[in-house]
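To start, the structure itself, in structure tokens.
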Amino acid sequence: MGDFEVIIYEKSNEIGYVTLNRPDRLNAYNLQMRDELYQVLGAIKNDPEVKVVIFRGAGERAFCAGADLAEFLTAPSPIIARQVRWERDIWGLFLSITKPLIAALHGYVLGSGIEIALCCDIRLAAEDAQFGLPELGLGIIPAAGASQTLPRMIGGAKALEILLTGRWIKAKEAHQLKLVNQVVSRQELWPAAKRLANKIKTYDPIAVSHAKQAVTRGLDLTLEQGLELEAKLSSLITALK
Ligand code: COA
0 MGDFEVIIYE KSNEIGYVTL NRPDRLNAYN LQMRDELYQV LGAIKNDPEV
50 KVVIFRGAGE RAFCAGADLA EFLTAPSPII ARQVRWERDI WGLFLSITKP
100 LIAALHGYVL GSGIEIALCC DIRLAAEDAQ FGLPELGLGI IPAAGASQTL
150 PRMIGGAKAL EILLTGRWIK AKEAHQLKLV NQVVSRQELW PAAKRLANKI
200 KTYDPIAVSH AKQAVTRGLD LTLEQGLELE AKLSSLITAL K
């Protein structure tokens, strides 16, 4: 893949590693990051050599401190800045990937940072991780999925509380709310994410992809429809054997 400036993409032993790489800006999500992430996600989706992916933020202080406020402030309005972001459906692309995606979260996980994490399947948090949705303070609402993905993960009341009050939550509470799967020490974050990826990659990638689809697509279905989906995906695997 081409050289990127604000994303690092590496591939090793069937695992893809995506690093948001603007540490001096707390990995704030700007248009260049959107474009580079779009290319990387496309590559991940189509590359049979990649079985599982880990996302992380560069530097000591953040996974991602949200949308780049400097871009917001130079755009004619936050609304127009937001519209520019919609030109590429990066979030749709994210959610269309049927390979397992792991988020390794530390420091600030704000706005788009939470939204990227919520597009992943398993979230590990370091003890220093802090989560928040500052959008209302900017006169906008989340537009990279959080108004839909967060309540699906932690329930409507808690999602609304976090959104409407702008309250930040720490790793321990994020775990209690089931926003993250596990909290580990800062030193353990990367080894724990790699152990998880190494375990998942030992399984048949088609079975893994179908299992992910059964769960993620099933969440939006009735139980009856979900059971039909499971039967269909299961028979597709059987047919391939
Ligand atoms: N967009 C652009 N730059 C950002 C940024 C963002 N979302 N978040 C942080 N930065 C930059 C700061 O401007 C600063 O740059 P500088 O060193 O040139 O001054 C650098 O990253 C370090 O951040 P700083 O604010 O000095 O760190 P802090 O520890 O004092 O505060 C935060 C950390 C996260 C509390 C604070 O940076 C913040 O509130 N950021 C904005 C969060 C936000 O509202 N995001 C938008 C969500 S929609």
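Using numbering that gives the first Met the number 0, you'd call the opening residue of the sequence shown number 0 and step up by one each time. Even glycine gets a Cβ: it sits at the ideal position worked out from N, Cα and C.
Return the chain-ordered list of same chain residues with a C-beta closer than 7 Å to the C-beta of residue i, the five sequence neighbours on each side being excluded.
i	result
I140	E134 and S146
E126	A170, V182, S184 and R185
F241	Summary: the structure shown does not reach residue 241, with the chain confined to residues 0 through 240, and so no result is reported for it.
Within the same chain, show all residues whose beta-carbon is closer than 8 Å to that of residue i, passing over the 5 residues directly before and after it, in chain order.
i	result
R166	G131 and E160
A282	Any question about residue 282 goes unanswered here, given that the chain covers just 0 to 240.
T148	E114, L117 and C118
E229	A213 and G217
W189	R55 and A103
Rounded to the nearest angstrom, how far is the Cβ of residue i from that of residue j, given a contact under 8 Å?
i	j	result
H174	V182	5 Å
K50	E9	So it is not a contact: roughly 14 Å between Cβ atoms.
L36	I6	6 Å
F301	Y28	Nothing can be reported for residue 301: it is not among the residues displayed for the chain, which extend from 0 to 240.
S95	K44	7 Å
A128	H105	6 Å
N20	A57	4 Å
K157	L176	6 Å
Note down, in chain order, each residue of its chain lying with its Cβ closer than 6 Å to the Cβ of residue i, except the 5 sequence neighbours on either side.
i	result
D120	P99 and L100
A192	I53, I101, A103 and L123
F3	E35
S208	T97
*Can at least three beta-carbon pairs, one atom from the stretch 55-70 and one from the stretch 107-117, be found at a separation below 8 Å?*
yes
*Where in the stretch 127-205 do unbroken runs of the alpha helix (DSSP H), each at least 4 residues long, occur, reported from the N-terminal end onward?*
145-153, 155-164, 170-175 and 185-199
*asked:* Quick check on the DSSP output: what are the complete alpha helix (DSSP H) runs of length 4 or more inside the stretch 17-47, in order along the chain?
replied: 30-45
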